[in-house]
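As structure tokens, the structure follows; a few thoughts come after it.
Number of protein chains: 2
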Amino acid sequence: MITKRMEDYLRVIYELKYYNGDIKIKDIAFKLNIKPSSVVEMLDRMKDLGLVKYEKRKRITLTKKGEEIAKSLKVKNESILKFLKLLGVPHNIAVEDAHKMEHILSKETLERIKDFILYVETCPKPIPNWLKNFRYFCKYKKLRCKC
Amino acid sequence: MITKRMEDYLRVIYELKYYNGDIKIKDIAFKLNIKPSSVVEMLDRMKDLGLVKYEKRKRITLTKKGEEIAKSLKVKNESILKFLKLLGVPHNIAVEDAHKMEHILSKETLERIKDFILYVETCPKPIPNWLKNFRYFCKYKKLRCKC
DNA sequence: GAAAATAAATAGTTTACCCTAAATTTTCTT
DNA sequence: AAGAAAATTTAGGGTAAACTATTTATTTTC
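From first to last, the protein sequence lines are chains A and B.
When we follow the numbering used here, the leftmost residue of the first sequence carries the number 1, and every step to the right adds one.
When we follow the numbering used here, the leftmost residue of the second sequence carries the number 1001, and every step to the right adds one.
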């Protein structure tokens, strides 16, 4: 069974590959703020589940399956992040929350989130009036529109 | 340290008190879909943290602290649930997702969620136009407004 | 090419949850 | 009030994910 924590590892490995090319145990550990020995242990488990290819002291790579999952997490994450920022959540906090939410949201909720983003982006104006008014409302706690 | 799981227990105990008056080990177990023996174990830990009052085979109650936390979880949950439903997430799924989200959302995100609800509810119409249009957009994936 | 530095792997613990099975206590029935 | 049934507790295990400390490999540097 693929756990939330394994999803964290997949995401980190996926990102490291993207930015660094090579994936080092200690870099994974650093990103997850844990010790390298914990990473080795987890990689063994993830290997058994067919998520990574990994032999002692050899290059670490994601399997097809691992990469698919990582990619879909990344896509989910991007939607959630964008959504939170539309709502006016400050960037750093939005990043944190998005990482937590990506593990747990149902696909239905995710669909509504994606629709929301699309609804805003499909609008001819850069930011629709109602969203501007929402931002205003967040700041001053009062309406300035007829809705 | 108060874990997410303890928060689940707090919520369940709080609800059981509200609806049943009396809190039985087996009811907690049933609600959480686990065995009674696991509940006993957890109650011991929660007792050490000052979240519940509990002596073998005696009545279970929340402490002041436990109740505060439970109450604040309930409030959070209600906001999240309402929010998800405004977005058009079906009730049952919204309930599930809200229970997961209540453990992890930052207070900033929660504030934006509450503002969103308030923004909708402050509007003189029962449902603001932009929200109606969003619902339409979710269904047909096209705009019918000037935003 | 050997010593020093760095990286990775292993062994043994810990903590938070959960489980089953068995023992005990309480409650219900007759 | 005694025996049956239900609820609770205890004892003993298990798994996921971390940790520390030690050992083994690989790189770097001299």
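Beta carbons are placed, not taken as given, at the ideal position from N, Cα and C, and that holds for glycine.
Since the structure is predicted, the reported quantities are computational estimates derived from the model, not experimental observations.
Whole-angstrom distance between residue j and residue i, CA atom to CA atom
i	j	result
B:L1081	A:R59	45 Å
A:I25	B:G1088	43 Å
A:E41	A:E15	20 Å
A:I2	A:D44	13 Å
B:K1076	A:L51	36 Å
A:E121	B:M1046	47 Å
B:I1093	A:T61	35 Å
A:F137	B:E1111	12 Å
A:A70	B:T1063	43 Å
B:K1100	A:S37	30 Å
A:H103	B:D1115	25 Å
B:K1142	B:Y1119	24 Å
A:L73	A:L84	16 Å
A:K65	B:L1105	29 Å
A:L131	B:D1022	47 Å
B:K1139	A:I117	14 Å
B:N1129	B:Y1018	38 Å
B:R1011	A:D27	38 Å
B:N1033	B:I1013	14 Å
A:T109	A:D8	21 Å
B:K1035	B:R1057	16 Å
A:F30	B:K1125	52 Å
B:N1020	B:K1004	24 Å
A:E55	B:Y1054	50 Å
B:V1095	A:V95	24 Å
Nearest neighbour of residue i, chosen from the options [CA to CA]
i	options	result
A:E67	A:P36, A:S37, A:L49 and A:F30	A:L49
A:L86	A:K53, A:G21 and A:N133	A:N133
B:C1147	A:S79, A:R11, A:I127 and A:F116	A:I127
B:D1097	A:P90, A:D97 and A:K107	A:K107
B:V1039	B:C1123, B:I1113, B:M1006 and B:I1117	B:M1006
B:C1123	A:A29, A:E78, A:V95 and A:R144	A:R144
A:P90	A:Y54, A:R135 and A:I113	A:R135
B:I1113	B:E1078, B:K1125 and B:V1095	B:E1078
Chain-ordered chain A contacts of residue i [CB-CB under 8 Å]
i	result
B:E1096	S106
Chain B contact residues for residue i, given Cβ-Cβ distances below 8 Å
i	result
A:P128	W1130 and C1147
A:T109	L1084, L1087, V1089, I1093, A1094 and D1097
Cross-chain neighbours of residue i in chain B, by beta carbon under 9 Å
i	result
A:L143	Y1119, T1122, C1123 and P1124
Proximal residues of chain A, C-beta to C-beta of residue i below 7 Å
i	result
B:K1004	Under the 7 Å cutoff, chain A gives no residues; its nearest Cβ is about 11 Å from B:K1004.
Within chain B, partners of residue i - CB distance below 7 Å
i	result
A:K53	The premise fails here: A:K53 is roughly 32 Å from chain B at the closest Cβ pair, so nothing lies under 7 Å.
*In the segment 64 to 112 of chain A, which residue ranges form an unbroken alpha helix (DSSP H) of at least 4 residues, counting only runs that do not cross its ends?*
64 to 86 and 91 to 101
*Relative to chain B, which residues along the segment 56 to 75 of chain A have a C-beta separation below 8 Å, given in chain order?*
none
*What residues in the segment 111 to 122 of chain A have a beta carbon less than 9 Å from any beta carbon of chain B?*
E111, R112, I113, D115, F116, L118, Y119, V120 and T122
*Proximal residues, the segment 12 to 33 of chain A versus chain B, C-beta separation under 9 Å*: none
*Mind checking the segment 36 to 48 of chain A against chain B and listing, in chain order, the residues whose C-beta falls within less than 9 Å of any C-beta there?*
none
*Compile a chain-ordered list of the residues in the segment 77 to 94 of chain A whose CB is closer than 8 Å to at least one CB of chain B.*
L84, L87, G88, V89, P90, I93 and A94
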